[in-house]
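**Student:**
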Amino acid sequence: MLSRIAESLYWIGRYVERAEDTARILDVHLHQMLADPWVAEDAACRSLLSVMGAPTSDDMPLSAGRVVTLLGLDSGNPSSVIGALAAARENARGARETVSSEMWECLNATWLGLPDARARVEQQGVHAFFGWVRERCAVLAGLADATMSRDEGWLFLVLGRSVERVDMSARLLSTHARAGGSIPSWLTLLRSCGAWETFLRTYRGSLDDRHAAEFLLLDRLFPRSVFAALSTAESCLAELAPGPGRAGVATDAQRIVGRSRTNLEFRGADELLDDLAGVLAGLERTCSQVNDAVSRRYFRATSAVMWVSEAVA
Amino acid sequence: MADLFENYRLGPGWDEMFATAGMPRETYESLHATLQPLSSADLGVRADVLARAFLDQGITFALKGIERPFPLDIVPRIIAAAEWSVVETGVAQRIRALEAFLSDVYGAGEVLAAGVVPRSVVVTSAHFHREAAGIVPHNGVRVHVAGVDLVRDEAGVFRVLEDNVRVPSGVSYVIENRRAMSHVLPEVFASTRIRPVESYPSQLLGALRAAAPAGAGDEPTVVVLTPGVHNSAYFEHALLAREMGVELVEGRDLICAGNQVAMRTTAGEQRVDVIYRRIDDEFLDPVQFRTDSILGVAGLLNAARAGQVTIANAVGNGVADDKLLYTYVPDLIRFYLGEDPVLPNVETYRLADPDVLAHVLDRLDTLVLKPVDGSGGAGIVIGSQATDAELAEVRARLSRDPRGWIAQREVKLSMVPTLIGNRLRPRHVDLRPFAVNDGTRISVLPGGLTRVALPEGALVVNSSQGGGSKDTWVLAAPLGPAEPAPEPRPAAPHASPAPRPDPGPGATSSQQQQQQQQGGASC
Amino acid sequence: MNSWRLEIQHETGFSYDGRVGASYNEARMTPRDEPHQAVLDARVAVWPAASTYRYADYWGTVVTAFDVHTPHERLAVTASATVETLPPGDLLAPATWADLALSDTVDRWHELLLPTPRTALDEELTALAEELRGAHRTPHAAALAACERVHTEVAYVAGSTGVQTDAVQAWRQRSGVCQDLSHLTVGLLRAMGVPARYVSGYLHPTPDAPVGETVVGQSHAWVEWWAGRWSGFDPTNGVAIGERHVIVGRGREYGDVPPLKGVYAGPPNTGQAVEVKITRRR
Chain A
1 MLSRIAESLY WIGRYVERAE DTARILDVHL HQMLADPWVA EDAACRSLLS
51 VMGAPTSDDM PLSAGRVVTL LGLDSGNPSS VIGALAAARE NARGARETVS
101 SEMWECLNAT WLGLPDARAR VEQQGVHAFF GWVRERCAVL AGLADATMSR
151 DEGWLFLVLG RSVERVDMSA RLLSTHARAG GSIPSWLTLL RSCGAWETFL
201 RTYRGSLDDR HAAEFLLLDR LFPRSVFAAL STAESCLAEL APGPGRAGVA
251 TDAQRIVGRS RTNLEFRGAD ELLDDLAGVL AGLERTCSQV NDAVSRRYFR
301 ATSAVMWVSE AVA
Chain B
1 MADLFENYRL GPGWDEMFAT AGMPRETYES LHATLQPLSS ADLGVRADVL
51 ARAFLDQGIT FALKGIERPF PLDIVPRIIA AAEWSVVETG VAQRIRALEA
101 FLSDVYGAGE VLAAGVVPRS VVVTSAHFHR EAAGIVPHNG VRVHVAGVDL
151 VRDEAGVFRV LEDNVRVPSG VSYVIENRRA MSHVLPEVFA STRIRPVESY
201 PSQLLGALRA AAPAGAGDEP TVVVLTPGVH NSAYFEHALL AREMGVELVE
251 GRDLICAGNQ VAMRTTAGEQ RVDVIYRRID DEFLDPVQFR TDSILGVAGL
301 LNAARAGQVT IANAVGNGVA DDKLLYTYVP DLIRFYLGED PVLPNVETYR
351 LADPDVLAHV LDRLDTLVLK PVDGSGGAGI VIGSQATDAE LAEVRARLSR
401 DPRGWIAQRE VKLSMVPTLI GNRLRPRHVD LRPFAVNDGT RISVLPGGLT
451 RVALPEGALV VNSSQGGGSK DTWVLAAPLG PAEPAPEPRP AAPHASPAPR
501 PDPGPGATSS QQQQQQQQGG ASC
Chain C
1 MNSWRLEIQH ETGFSYDGRV GASYNEARMT PRDEPHQAVL DARVAVWPAA
51 STYRYADYWG TVVTAFDVHT PHERLAVTAS ATVETLPPGD LLAPATWADL
101 ALSDTVDRWH ELLLPTPRTA LDEELTALAE ELRGAHRTPH AAALAACERV
151 HTEVAYVAGS TGVQTDAVQA WRQRSGVCQD LSHLTVGLLR AMGVPARYVS
201 GYLHPTPDAP VGETVVGQSH AWVEWWAGRW SGFDPTNGVA IGERHVIVGR
251 GREYGDVPPL KGVYAGPPNT GQAVEVKITR RR
């Protein structure tokens, strides 16, 4: 597969996941802010922006509306919901003969729907908009699942999605850790991942901080847990690596993901939770290292070369 | 109910549907019978479905940087089998002559020595690339793909307007138009025998493989080289790559080292044998052409010269579709093939001769003036529709640079009913059939791109000038004795019905009744 | 006849302000084998080492193409050749002005009658071409006069112009190098209706040079014109083409026969070196 196409698929995976997760995170946080009159809106907004990697030096008091604009609707920022969807579509446009036409049509139709979606925010509120985003992302995931061959392209797409999911889950957990563990509540976090019901079934209704953190970090069966996402990324990398090496792990990326996964797996839940901030920072580092290692290994020099002419008489 | 054809008046060109007002020609009878009873609302709904499908699939072209759908008119253009066979023969004949000409001008130059074409025409052509001299394609083909623009004149005769043997585009619309139309006019498809166009990608792939260099082996690697997503024809590049099952590459995906071309893949570099390029010559290789090109591949031309890779279409083909050379194509057909041209040119004046120039300058307002190396309809001045200021400007330009222009009789292009608002109106059309040369045979795709000028009376049909397109139906010939009817596919001898799909454990109707009865009656 | 045997060593190349990752070049540094000169040996070597590919271009010049993918801060190309050359033949050319005006002749040499970017003339030079043409009974005499006029009016001053300088510029400053004087002459010849071409090659600087002594020579350029047959002249030195001249390539102008040109990706080019050593061996 062409390096450039692999890179596009990897980034489609990342951007779509980013759009979905950002929508989920924003949805519950904004809901919380509106529902709880005791929340200091400015501080909560600053904390959220900072966790999402978009700190603002603005001295103006921040409002929920401003956060929606910055993280939801800013089309120039590939980390906003709309920006990520547009970036995913742009990547798909350059890989159009590789992604299935149904996936392309879904991404393209989503992109064409963005102006309407903005209007929806004004008419029906942000919740309806975030719901629409989740739905489009789900349709896309479904189409990818149903129409893509399980070849290299699929592996890069899933790899990108998993790496982004680890990153986003770590950020989501950070919003809790930063706010001193009280706001937003675990309930909110679990809801934002769509994990509330599963969690209740697993822990039979005992809503305990430790259980909740353990669930989001370590659950083996819930697909949005950090552990599950890391394991998926790891198996994608293993399939991508050319043949089993004689000694140890074949690629840098595999080593980085593997180390991170075992770090979660073989440390007790209590130990992890005592150092939650450190663990989360480590996960974010892992994601950026994996990203670099994958780019080096598979994507190589795919940028255009500027040629300079020269001549002697 | 309003009649779609209400107030339909025959225009100045040959009307393809109507011989006289209200009387459809035989070819169009079935279509006319389908359209006639439809209300404009019915047709409008179908047209909307058509437009929406194109937008969602991203079947667009970029005009001034904005992606927009290429409007597909709902009324197809129909060509009878006998008419088509003239087009087919004529187009193939032209390609054969142009192939011979290209091989000659980049080689021995016999046509020049014989004085059939003046050297001045060739050596002053902006697309005569001396860099391409000495590059001999392995199977002799330089024009792997051609698009020949035809018009029907006032008498219904197909004439050639120009040849495109560089990187002709538009074939994707032929394929997509057909797919879309079969969804919105299924009843006409059922009653008409239309020759299919979907085999084009496999024909193209066959021709590209046949052009592979000697050392490429049995399974040569073909790629489509695109300038990138921002190119107006990117949609087409992606479609062709996808349907041929080959990689769509950009210049930055390729690397040329020691005259070997390879693409960068996740598993390392992989050799490339044939490049179907959709990049202009000038941008193809910074070593030979524009050094500021970031779209091309450095070293590509010498790799082709060394016979390590095939560039399709070949570099330098533009000398054969220069509009001044066009005036010599009938002579080329006689010179190389010893045949008479099947398709006539449009009457054209060469302006190098001062007497001809003076004659043309006297009647600019009745002629069409075209820059010789313009494409996409750019720079064309239609005398009868130009303002005095425009005429004065073109007069000055012609006098300054007679080699840069040709003048043609203004042909009133033929007309086909087209949905304008909620009525059908005659609009001018042209036709670009596509031909593929695999070295043993030139196949002309039965159909081609019919472009339609949407503004009333407009004669310039290019998409870049606000034109739309029509699906082009070539009717199958009535089967003669020489051509046996295809055998109906036999059904399985004892086809017994397949078993039902397995049912799930879902609630039976009695359970449902019981569940509904629980909880007592609500108020 | 007294032929010379010349050994030529032509070193050229570029240096860069840092490492260059990739470079593609074409060298036109190989003498042609033809009636007036016999090439006994010719080779082109490249450093950093790269495989080279040789072909004859549209103008018949031997081109050595190569690409370098090992990082380098300096690119060196060395062409060496051994060539046998002949003294000037007789210069007479039979064509009349009327012969040159025949449409067949004009068509045959069309390409060599058109101005190119570096050989286009301004009004003053066009008038000069008219004057020269009017003053001479035959094209050949007019051509020699044009060479003579350029030779006397324009001073040879090394380094006074660059590869992009055109004929008009050189005329206005009344100075230039062999490339400029040749462009000027070619431009005048074409304006007179005489088909003309630009020749690139080498020159041994010393008439009657002693055998076995290596001297610093130069890349050189001169002109040829067609007046019933091809004749050549060296307007820079005001001499006929003889045993001291070695022909490498012909074209419409410098742009068709640059000794070394190419593209590279990397930091700015900081310099270029050219050195030609010529030894008369016989």
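Protein chains in written order, with the UniProt record's numbering: chain A, 1 to 313; chain B, 1 to 523; chain C, 1 to 282.
We treat Cβ as the ideally placed atom computed from N, Cα and C, and that holds for glycine.
This one's a predicted model, so the numbers in the text were calculated from it and none came from an experiment.
Taking residue 151 (chain C) and residue 201 (chain C) to be in contact with their CB atoms under 8 angstroms, please state how far apart those CB atoms are, rounded to whole angstroms.
**Tutor:** Their Cβ separation, rounded to whole angstroms, is 18 angstroms, which puts residue 151 (chain C) and residue 201 (chain C) out of contact at 8 angstroms.
**Student:** Quick check on residue 309 (chain A) - is its C-beta less than 8 angstroms from some C-beta in chain C?
**Tutor:** Residue 309 (chain A) counts as touching chain C.
**Student:** Our contact map puts residue 144 (chain B) next to residue 316 (chain B) with C-beta atoms below 8 angstroms; I'd like the distance itself, whole angstroms only.
**Tutor:** With a Cβ gap of about 14 angstroms, residue 144 (chain B) and residue 316 (chain B) do not count as contacting.
**Student:** Near residue 424 (chain B), what residues of its chain come up, given a Cβ to Cβ distance below 7 angstroms and the 5 sequence neighbours on each side ignored?
**Tutor:** Once the five neighbours on either side are set aside, the close Cβ partners of residue 424 (chain B) are 4, 5, 8, 75, 417 and 418.
**Student:** By Cβ distance, which residues of its chain are closer than 8 angstroms to residue 38 (chain B), with the 5 residues on each side in sequence left out?
**Tutor:** Excluding positions up to five away in sequence, the list reads 4.
**Student:** With respect to the alpha helix (DSSP H) encompassing residue 274 (chain A), which residues constitute its N-terminal and C-terminal limits?
**Tutor:** It spans 269–274 - the alpha helix (DSSP H) in which residue 274 (chain A) sits, taken as one unbroken run.
**Student:** Quick check for students: name the residue ranges of the alpha helix (DSSP H) that lie wholly in the region 251–300 of chain B, counting only runs of 4 or more.
**Tutor:** Listed in chain order, the complete alpha helix (DSSP H) runs (minimum 4 residues) inside the region 251–300 of chain B are 281–284.
**Student:** Helix, strand or coil: how does DSSP classify residue 13 (chain B) here?
**Tutor:** Three-state DSSP puts residue 13 (chain B) in coil, outside helix and strand.
**Student:** List, in chain order, every chain C residue whose beta-carbon is nearer than 7 angstroms to that of residue 120 (chain B).
**Tutor:** Under the 7 angstroms cutoff, chain C gives 107 and 110.
**Student:** By DSSP, does residue 47 (chain C) sit in helix, in strand, or in coil?
**Tutor:** Strand, per DSSP.
**Student:** Since residue 437 (chain B) sits in a beta bridge, which residues does DSSP pair it with?
**Tutor:** Paired residues: B:442.
**Student:** Can you pull the chain B residues whose beta carbon is under 8 angstroms from the beta carbon of residue 305 (chain A), in chain order?
**Tutor:** The answer, in chain order, is 252, 294 and 298.
**Student:** Per DSSP, what are the beta-bridge partners of residue 370 (chain B) in this structure?
**Tutor:** According to DSSP, residue 370 (chain B) bridges with B:406.
**Student:** Show which residues of chain B have a CB atom less than 7 angstroms away from the CB atom of residue 6 (chain A).
**Tutor:** Simply 266.
**Student:** Would you mind sorting residue 253 (chain C) into buried or exposed? The rule is 16 or more other CB atoms within 10 Å of its CB.
**Tutor:** It is buried - the Cβ of residue 253 (chain C) has at least 16 other Cβ atoms within 10 Å.
**Student:** For residue 379 (chain B), which residues in the same chain have their Cβ closer than 8 angstroms to its Cβ, ignoring the five residues on either side in sequence?
**Tutor:** 370 and 371, listed in sequence order.
**Student:** Drop a sphere of 10 angstroms on the beta-carbon of residue 18 (chain C), count the other beta-carbons inside from all chains shown, and report buried for 16 or more, exposed for fewer.
**Tutor:** So residue 18 (chain C) counts as exposed.
**Student:** Leaving out the 5 sequence neighbours to the left and right, which residues in its chain are closer than 6 angstroms to residue 195 (chain B) when beta-carbon positions are compared?
**Tutor:** Once the five neighbours on either side are set aside, the close Cβ partners of residue 195 (chain B) are 446, 474 and 476.
**Student:** Output yes or no for whether 8 angstroms exceeds the beta carbon distance between residue 128 (chain C) and residue 196 (chain C).
**Tutor:** Result no, Cβ atoms of residue 128 (chain C) and residue 196 (chain C) do not sit closer than 8 angstroms.
**Student:** Would you report the Cα separation of residue 300 (chain A) and residue 169 (chain C), rounded to the nearest angstrom?
**Tutor:** Their backbone Cα atoms lie some 47 angstroms apart in a straight line.
**Student:** Span of the alpha helix (DSSP H) holding residue 237 (chain B)?
**Tutor:** That run of the alpha helix (DSSP H) goes 234–244.
**Student:** Straight-line CA distance for residue 292 (chain A) to residue 97 (chain B)?
**Tutor:** Distance between the alpha carbons of residue 292 (chain A) and residue 97 (chain B) is about 55 angstroms.
**Student:** What residues in its chain sit with their C-beta under 8 angstroms from that of residue 520 (chain B), if we drop five residues either side in the sequence?
**Tutor:** Here the model assigns residue 520 (chain B) a pLDDT of 41, short of 50, so the residue's position is not dependable, and the following value carries that caveat. So the list is empty, once near-sequence residues are dropped.
**Student:** Pull up the CB-CB distance for residue 280 (chain A) and residue 174 (chain A), whole angstroms please, since I reckon it's below 8 angstroms.
**Tutor:** Yes, residue 280 (chain A) and residue 174 (chain A) are in contact; Cβ-Cβ is about 5 angstroms, under 8 angstroms.
**Student:** Do you know how far the Cα of residue 158 (chain B) is from the Cα of residue 7 (chain A)?
**Tutor:** Their Cα atoms are separated by approximately 49 angstroms.
**Student:** Mind checking the region 253–265 of chain C against chain A and listing, in chain order, the residues whose C-beta falls within less than 7 angstroms of any C-beta there?
**Tutor:** The region 253–265 of chain C vs chain A, Cβ under 7 angstroms: 258, 259, 260, 261, 262, 263, 264 and 265.
**Student:** Terminal residues of the continuous beta strand (DSSP E) containing residue 526 (chain B)?
**Tutor:** Missing from the structure shown is residue 526 (chain B); chain B here goes from 1 to 523 and no further.
**Student:** Determine which residues of the region 238–251 of chain B have a Cβ less than 8 angstroms from any Cβ of chain A, and write them out in chain order.
**Tutor:** Within the region 238–251 of chain B, the residues whose Cβ lies closer than 8 angstroms to some Cβ of chain A are 238, 239, 241, 242, 247, 248, 249, 250 and 251, listed in chain order.
**Student:** Helix, strand or coil for residue 8 (chain C), going by three-state DSSP, please let me know.
**Tutor:** Residue state, collapsed to three classes: strand.
**Student:** Taking its Cβ as the centre, do 16 or more other Cβ atoms sit within 10 Å of residue 306 (chain A), making it buried, or is it exposed?
**Tutor:** The residue is exposed, with fewer than 16 neighbouring Cβ atoms inside 10 Å.
**Student:** So, is the C-beta of residue 121 (chain A) closer than 8 angstroms to a C-beta in chain C?
**Tutor:** Closer than 8 angstroms: no.
**Student:** Under the rule that 16 or more other beta-carbon atoms within 10 Å means buried, what is residue 36 (chain B), buried or exposed?
**Tutor:** Label assigned to residue 36 (chain B): exposed.
**Student:** At 8 angstroms on the CB atoms, spell out the chain B contacts of residue 300 (chain A), in chain order.
**Tutor:** In chain order: 264.
**Student:** Spatial neighbours of residue 303 (chain B) within its chain, please: C-beta separation below 8 angstroms, excluding the five flanking residues on both sides.
**Tutor:** Only 256, 259, 260, 261 and 309 meet the Cβ criterion.
**Student:** Establish whether the CB of residue 283 (chain C) and some CB of chain B are separated by less than 8 angstroms.
**Tutor:** Here chain C comprises residues numbered 1 to 282, so residue 283 (chain C) is not present and cannot be evaluated.
**Student:** Do the CB positions of residue 61 (chain C) and residue 186 (chain C) come within less than 8 angstroms of each other?
**Tutor:** Cβ distance not < 8 angstroms, so residue 61 (chain C) and residue 186 (chain C) don't count as in contact.
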